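Undergrad:
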Amino acid sequence: MADESIVDLSCDENPVPDESANDSIIDSVEKAGAPIVEAAEKVAERVAAKAVVVSDDALSAAQRIDRLILRVNKLLASPSGLSSFLSTFNYTLYILAYLQTKTPSASAYARKLLALLKSSPVKPPTTTLIANGATPSLAALAVLISRTRTTLRLFGLFPLYAWLRTLLAGPKSDADPVLHRIALLQASSYFTYQALENVSVLADHGVVSKSFIARINRGEPTTARVYLWAYRAWLAGVSCDFLRLGREAHLETNRRYIRSKMREDGRELATYQDEEDQKVDAKWWTDFMIASAWLPMALHFSSGKGGLPGWNLGWMGMCGLVAGSPRMSGLWASTLQS
1171 MADESIVDLS CDENPVPDES ANDSIIDSVE KAGAPIVEAA EKVAERVAAK
1221 AVVVSDDALS AAQRIDRLIL RVNKLLASPS GLSSFLSTFN YTLYILAYLQ
1271 TKTPSASAYA RKLLALLKSS PVKPPTTTLI ANGATPSLAA LAVLISRTRT
1321 TLRLFGLFPL YAWLRTLLAG PKSDADPVLH RIALLQASSY FTYQALENVS
1371 VLADHGVVSK SFIARINRGE PTTARVYLWA YRAWLAGVSC DFLRLGREAH
1421 LETNRRYIRS KMREDGRELA TYQDEEDQKV DAKWWTDFMI ASAWLPMALH
1471 FSSGKGGLPG WNLGWMGMCG LVAGSPRMSG LWASTLQS
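Quick note on the working numbering: the sequence shown kicks off at 1171 and runs consecutively.
#1: Measuring only the C-alpha atoms, how far is PRO1496 from ASP1451?
#2: When you compare only the Cα positions, how much space is there between ALA1419 and ALA1461?
#3: For PHE1412, collect the residues of the same chain with a Cβ closer than 7 Å to its Cβ; drop the 5 residues on either side in sequence, then sort them by chain order.
#4: Can you tell me the Cα-Cα spacing of SER1253 and LEU1314, whole angstroms?
#5: Just the Cα atoms here: how many angstroms apart are SER1248 and LEU1330?
#6: Would you please state the rounded distance, in angstroms, between the beta carbons of TRP1399 and LEU1366? I believe it to be under 8 Å.
#7: Over what stretch of residues does the alpha helix (DSSP H) that includes GLN1507 continue unbroken?
#8: Helix, strand or coil, according to DSSP, for PRO1347 in the structure here?
#9: Determine whether the beta carbon atoms of ALA1310 and LEU1483 lie at a separation below 9 Å.
#10: Helix, strand or coil for TRP1481, going by three-state DSSP, please let me know.
#11: What is the C-beta distance between HIS1470 and GLY1477, in whole angstroms, given that I count them as a contact (C-beta under 8 Å)?
#12: Does the beta-carbon of THR1393 have 16 or more other beta-carbons within 10 angstroms, so that it is buried, or is it exposed?
#13: Quick one: complete beta strand (DSSP E) runs, 3+ long, within the segment 1400 to 1428?
#14: DSSP state of SER1473, grouped into three classes?
#15: I think ALA1463 touches ALA1493, with their Cβ atoms under 8 Å apart; what is that distance to the nearest whole Å?
#16: What separation, rounded to the nearest whole angstrom, lies between the Cα atoms of LYS1244 and LEU1327?
#17: What's the call for SER1499, buried or exposed, on a 16-neighbour Cβ count within 10 Å?
#18: Tell me the DSSP secondary structure of THR1271 in three-state form.
#19: Given 8 Å as the limit, is there contact between the segment 1396 to 1410 and the segment 1360 to 1377, that is, 3 or more CB pairs closer than that?
#20: Residue range of the alpha helix (DSSP H) that VAL1313 falls in?
#21: Going by DSSP, what residue range makes up the alpha helix (DSSP H) through THR1336?
#22: For the alpha helix (DSSP H) holding LYS1380, just list the boundary residues, first then last.
#23: Whole angstroms are fine: how far does the CA of LYS1475 sit from the CA of TRP1485?
#24: How long is the line joining the alpha carbons of GLY1490 and MET1459, rounded to whole angstroms?
#25: In three-state terms, what does DSSP make of TYR1442?
#26: Drop a sphere of 10 angstroms on the beta-carbon of LEU1263, count the other beta-carbons inside from all chains shown, and report buried for 16 or more, exposed for fewer.
#27: Could you give the DSSP three-state label for PRO1391: helix, strand or coil?
#28: Any chance the segment 1379 to 1388 sits against the segment 1333 to 1348, with 3 or more Cβ pairs inside 8 Å?
#29: Should ASN1260 be labelled buried (16 or more other beta-carbon atoms within 10 Å of its own) or exposed?
#30: Count the other CB atoms, across all protein chains shown, that sit within 10 Å of the CB of TYR1268; report buried if there are 16 or more and exposed otherwise.
#31: Between GLY1407 and SER1359, how many whole angstroms is the CB-CB distance? I'm expecting something under 8 Å.
#32: Considering only the alpha carbon of each residue, which of GLN1443, HIS1350, GLN1270 and ALA1503 lies closest to TRP1333?
Okay, structure coming up:
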């Protein structure tokens, strides 16, 4: 009996669970894990969506870079575009180089660089400065681009000659004679500047003999004075812009006065005349801004007594950017056209 009781007790206290109890436990576990699975699926969906967004962003960025490169290539394909690009790049580097030379270790080089840019473009001093580690990298690149622009200007005499030749043929029948004489003076000044700069650059590189420089330079075989007179010819050309603008303003004032009298007399004028006047004014002020930006730079380099007080790379970069930005903007906008 005792054995039976033990058997009975063991059977009562340790019943074998039936299938329904086992299923309920499994159901509970599955229900408890369902939110986790759903959350994991949502995370996976978000990751996949982000991957698509990142892929789209990368593709869009690649397309923008591709379009930018093609526009730059189109800009550089023309001589005027290449010149404007190098000019803008060069003067931007001057500004960045000025900011870089604000550090005490590079401030001394800023003065050396200005002196180097004002004097003849001889390579040894620049090479020495770079080898000694005294040249900030941006300034060294600015000097390199400046040398490139100077070399390309060796061919600038050809368009200047063509311009001068056209003016020497005489003014057109409807042209203002005063404006024609101003243009003739400006073309002659720029032609003289370019010719003297070309001779100096070629002499500095051993192409033109020192004896030739001495013959045109009062017996002095160096090119410093030749550069100085080249810059003075450039200053004369820049100054002609102010003469031209003054004459254009005078003529335009007279034309508008005549139109106002016609309007008072009841005569009809073109409906688009006001819009045309706004375009004329905008162009006049743009030309005035360009000439005003070139003037201090021309004054500095044409001075034989050290240039303008306080002149530095920053001022030179700002003046160059202001003077070249309208042309660069127009050329860059033209690259959008097919």
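Glycine residues also receive a C-beta, built at the ideal position from the N, C-alpha and C atoms.
Here the structure is a predicted model, which is why all the values come from computation and not from measurement.
TA: Answer, in terms of the structure:
#1: Counting from 1 along the sequence shown, the entry for residue 1496 is found at position 326. Counting from 1 along the sequence shown, the entry for residue 1451 is found at position 281. Distance between the alpha carbons of PRO1496 and ASP1451: 15 Å.
#2: As a working note, residue 1419 is residue 249 in the sequence shown. As a working note, residue 1461 is residue 291 in the sequence shown. Computed Cα separation, rounded: 15 Å.
#3: What you label residue 1412 is simply residue 242 of the sequence shown in a count that begins at 1. So the list reads ALA1461, once near-sequence residues are dropped.
#4: Working through the sequence shown from its first residue, we reach residue 1253 at position 83. Working through the sequence shown from its first residue, we reach residue 1314 at position 144. C-alpha separation (whole angstroms): 15 Å.
#5: Counted from its first residue, the sequence shown places residue 1248 at position 78. Counted from its first residue, the sequence shown places residue 1330 at position 160. Computed Cα separation, rounded: 17 Å.
#6: By one-based count along the sequence shown, residue 1399 stands at place 229. By one-based count along the sequence shown, residue 1366 stands at place 196. About 6 Å separates the Cβ atoms of TRP1399 and LEU1366, confirming a contact at the 8 Å cut-off.
#7: Residue numbering aside, residue 1507 sits at position 337 when the sequence shown is read from its first letter. Note, GLN1507: premise wrong, no alpha helix (DSSP H); not H, not E.
#8: Looking up residue 1347 in the sequence shown gives position 177. Of the three classes helix, strand and coil, the one that applies to PRO1347 here is helix, per DSSP.
#9: The residue given as residue 1310 occupies position 140 in the sequence shown. The residue given as residue 1483 occupies position 313 in the sequence shown. Going by C-beta atoms, ALA1310 is not nearer than 9 Å to LEU1483.
#10: Here residue 1481 refers to the residue found at position 311 of the sequence shown. Residue state for TRP1481 is assigned as coil, using DSSP reduced to three classes.
#11: For the purposes of this step, residue 1470 is taken as the residue at position 300 of the sequence shown. For the purposes of this step, residue 1477 is taken as the residue at position 307 of the sequence shown. Indeed, because the Cβ distance is near 4 Å, the residues count as touching under 8 Å.
#12: Position 223 of the sequence shown, counted from the first residue, corresponds to residue 1393. Buried: at least 16 other Cβ atoms inside 10 Å.
#13: Within the segment 1400 to 1428, complete beta strand (DSSP E) segments of at least 3 residues are not found at all.
#14: For the purposes of this step, residue 1473 is taken as residue 303 along the sequence shown, with counting starting at 1. The answer is coil: DSSP assigns SER1473 none of H, G, I, E or B.
#15: Position 293 of the sequence shown, counted from the start, is the residue given in the question as residue 1463. Position 323 of the sequence shown, counted from the start, is the residue given in the question as residue 1493. Going by Cβ atoms, the distance from ALA1463 to ALA1493 rounds to 4 Å, so yes, they are a contact pair.
#16: On the sequence shown, position 74 is the one that residue 1244 refers to. On the sequence shown, position 157 is the one that residue 1327 refers to. Distance between LYS1244 and LEU1327, taken at the CA atoms: about 25 Å.
#17: As a first step, residue 1499 must be located in the sequence shown, where it is residue number 329. Counting the other CB atoms within 10 Å of its CB gives SER1499 a total below 16, which places it among the exposed residues.
#18: Within the sequence shown, residue 1271 is the residue found at index 101, counting from 1. In the three-state scheme derived from DSSP, where H, G and I count as helix and E and B as strand, THR1271 is classed as coil.
#19: Because the criterion of three Cβ pairs below 8 Å is met, the segment 1396 to 1410 and the segment 1360 to 1377 touch.
#20: Taking the sequence shown and counting its residues from 1, one reaches residue 1313 at position 143. Where VAL1313 is concerned, the enclosing alpha helix (DSSP H) stretches over 1307 to 1322.
#21: Within the sequence shown, residue 1336 is the residue found at index 166, counting from 1. Residues 1327 to 1338.
#22: Residue mapping note: residue 1380 aligns to position 210 of the sequence shown, counting from 1. The continuous alpha helix (DSSP H) containing LYS1380 extends over residues 1380 to 1386.
#23: Within the sequence shown, residue 1485 is the residue found at index 315, counting from 1. Within the sequence shown, residue 1475 is the residue found at index 305, counting from 1. Computed Cα separation, rounded: 18 Å.
#24: Looking up residue 1490 in the sequence shown gives position 320. Looking up residue 1459 in the sequence shown gives position 289. A straight line joining the alpha-carbon of GLY1490 with that of MET1459 spans about 11 Å.
#25: Start at 1 with the first residue of the sequence shown, and residue 1442 comes out as number 272. In the three-state DSSP reduction, TYR1442 falls in the coil class, being neither helix nor strand.
#26: In the sequence shown, the residue the question calls residue 1263 occupies position 93. Result: buried.
#27: As a working note, residue 1391 is residue 221 in the sequence shown. Three-state result, PRO1391: coil.
#28: A contact is defined here as three or more CB-CB pairs under 8 Å, and the segment 1379 to 1388 fails this definition with respect to the segment 1333 to 1348.
#29: To locate residue 1260, count along the sequence shown from 1; it is residue 90. The residue is buried, with at least 16 neighbouring Cβ atoms inside 10 Å.
#30: As a position in the sequence shown, residue 1268 is number 98, starting the count at 1. Looking at its Cβ environment, which holds 16 or more other Cβ atoms inside 10 Å, TYR1268 is buried.
#31: For the purposes of this step, residue 1407 is identified with residue 237 of the sequence shown, where counting begins at 1. For the purposes of this step, residue 1359 is identified with residue 189 of the sequence shown, where counting begins at 1. That pair is a contact at about 4 Å.
#32: As a first step, residue 1333 is located in the sequence shown; it is residue number 163 there, counting from the start. Its Cα nearest to that of TRP1333, the residue HIS1350 stands out among GLN1443, HIS1350, GLN1270 and ALA1503.
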